[in-house]
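A.B. asks: Residue numbers (my numbering): 242 to 491. We treat Cβ as the ideally placed atom computed from N, Cα and C, and that holds for glycine. My structure is below; once you've seen it, I'll send some questions.
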């Protein structure tokens, strides 16, 4: 990372190389889930832990859609790389929660917990909001309610297409209401795919926290993005190999 004054520029990048595309029925299932979690009865957080921006339903929808696709990407790769372990892996959660009830882990293998983070296909940072983590790399929102707060692995998935741009170009990103059929017709026009640049371990996150590897709120990232909240970061070029991890798990 190149840091000058309050400007941060990613230098250790990993090129996006698509692993595979999602099937149409997968996209439809994730669409239905994301729609219910935003425009429907469920509700994700409307603002970041340390941020000021209140998200509209359009933003919540596409963030949820991208995040759930990322979770299924990891689930797919466990199936492709290590079927013995896949058979013991928890299934992705498609329950629709109300505000205050969170899906407290993404996937689990016995007592081993995987947190899955998503970004756009051109993203080159794993970002974790600083207010969500204590000095021991425990996830504070879950710690407060006695749910899973220790993640053994945090995995980054990059999703194509750029969902936010698609929503924005159709005038829907900042909407609070939209016809479900119209929105699905837009989403299904695109081929959604992914790559997995890598992961960090719980100990890696402890080191990131201790080393104060932070992009401050208000800082300029890659010349054009002003950070809405303070984040810990790791560049994609420094992430560990996810595929080697899955192959060696037992």
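Where does residue 275 fall in DSSP's three states?
C.D. replies: One-based indexing of the chain shown puts residue 275 at position 34. Residue state, collapsed to three classes: helix.
A.B. asks: Given this structure, state the Cα-to-Cα distance separating residue 402 from residue 305, to the nearest angstrom.
C.D. replies: Along the chain shown, one-based indexing puts residue 402 at 161. Along the chain shown, one-based indexing puts residue 305 at 64. Annotation: residue 402 to residue 305 spans about 14 Å, alpha carbon to alpha carbon.
A.B. asks: Taking all protein chains shown into account, decide if residue 359 is buried (16 or more other Cβ within 10 angstroms of its Cβ) or exposed.
C.D. replies: Counting from 1 along the chain shown, the entry for residue 359 is found at position 118. By the 10 Å Cβ count, residue 359 comes out buried.
A.B. asks: Kindly indicate which three-state DSSP category residue 297 falls into: helix, strand or coil?
C.D. replies: The residue you call residue 297 lines up with position 56 of the chain shown. Three-state DSSP puts residue 297 in coil, outside helix and strand.
A.B. asks: Take the Cβ of residue 238 as the centre, count every other Cβ of all protein chains shown within 10 Å, and call the residue buried at 16 or more, exposed below.
C.D. replies: With the chain running from 242 to 491 in the structure shown, residue 238 is simply not present.
A.B. asks: Let me know the secondary structure DSSP gives residue 268 once reduced to three states.
C.D. replies: To locate residue 268, count along the chain shown from 1; it is residue 27. Here residue 268 sits in helix by DSSP.
A.B. asks: Buried or exposed: where does residue 472 fall if 16 or more other Cβ atoms within 10 Å of its Cβ makes it buried?
C.D. replies: Working through the chain shown from its first residue, we reach residue 472 at position 231. Flag for residue 472 reads buried.
A.B. asks: Mapping the DSSP letters down to three states, classify residue 258 as helix, strand or coil.
C.D. replies: In the chain shown, counting from the first residue as 1, residue 258 sits at position 17. The answer is coil: DSSP assigns residue 258 none of H, G, I, E or B.
A.B. asks: Go ahead and pull the three-state DSSP assignment for residue 449.
C.D. replies: The residue given as residue 449 occupies position 208 in the chain shown. In this structure, residue 449 counts as helix in the three-state DSSP scheme.
A.B. asks: Counting only runs that start and end within the segment 387-414, where is the beta strand (DSSP E) found for 3 or more residues in a row?
C.D. replies: 394-401
A.B. asks: Using a 10 Å radius around the Cβ and a threshold of 16 neighbouring Cβ atoms, would you call residue 308 buried or exposed?
C.D. replies: Within the chain shown, numbered from 1, the residue matching residue 308 stands at position 67. Burial is judged here by how many other beta carbons sit within 10 angstroms of a residue's own beta carbon; residue 308 has at least 16 and is buried.
A.B. asks: Once the 5 residues before and after residue 475 are set aside, which same chain residues still bring their CB inside 8 Å of it?
C.D. replies: In the chain shown, residue 475 corresponds to position 234, counting from 1. Around residue 475: 366, 367, 441, 445, 449 and 454.
A.B. asks: Rounded to the nearest angstrom, how far is the Cβ of residue 337 from that of residue 418, given a contact under 8 Å?
C.D. replies: Your numbering for residue 337 matches position 96 in the chain shown. Your numbering for residue 418 matches position 177 in the chain shown. No, residue 337 and residue 418 are not in contact; Cβ-Cβ is about 18 Å, not under 8 Å.
A.B. asks: For residue 436, which residues does DSSP report across the bridge?
C.D. replies: Numbered from its first residue, the chain shown carries residue 436 at position 195. Answer is 399.
A.B. asks: Helix, strand or coil: how does DSSP classify residue 472 here?
C.D. replies: On the chain shown, position 231 is the one that residue 472 refers to. Of the three classes helix, strand and coil, the one that applies to residue 472 here is strand, per DSSP.
A.B. asks: Tell me whether residue 323 is buried or exposed, calling it buried when 16 or more other Cβ atoms sit within 10 Å of its Cβ.
C.D. replies: Numbered from its first residue, the chain shown carries residue 323 at position 82. Counting Cβ neighbours within 10 Å, residue 323 comes out buried, since at least 16 surround it.
A.B. asks: Just verifying my parser: in three-state terms, what is the DSSP assignment at residue 243?
C.D. replies: Translated into positions along the chain shown, residue 243 becomes position 2. Of the three classes helix, strand and coil, the one that applies to residue 243 here is strand, per DSSP.
A.B. asks: Assuming contact is defined by CB atoms lying nearer than 8 Å, are residue 320 and residue 327 in contact in what I supplied?
C.D. replies: As a first step, residue 320 must be located in the chain shown, where it is residue number 79. As a first step, residue 327 must be located in the chain shown, where it is residue number 86. Cβ distance < 8 Å, so residue 320 and residue 327 count as in contact.
A.B. asks: Are the beta-carbon atoms belonging to residue 461 and residue 253 less than 8 Å from one another?
C.D. replies: In the chain shown, residue 461 corresponds to position 220, counting from 1. In the chain shown, residue 253 corresponds to position 12, counting from 1. At a Cβ-Cβ threshold of 8 Å, residue 461 and residue 253 do not count as neighbours.
A.B. asks: First and last residue of the alpha helix (DSSP H) that includes residue 384?
C.D. replies: Against the chain shown, residue 384 aligns to sequence position 143. Looking at the DSSP string, the run of the alpha helix (DSSP H) that includes residue 384 is 381-384.
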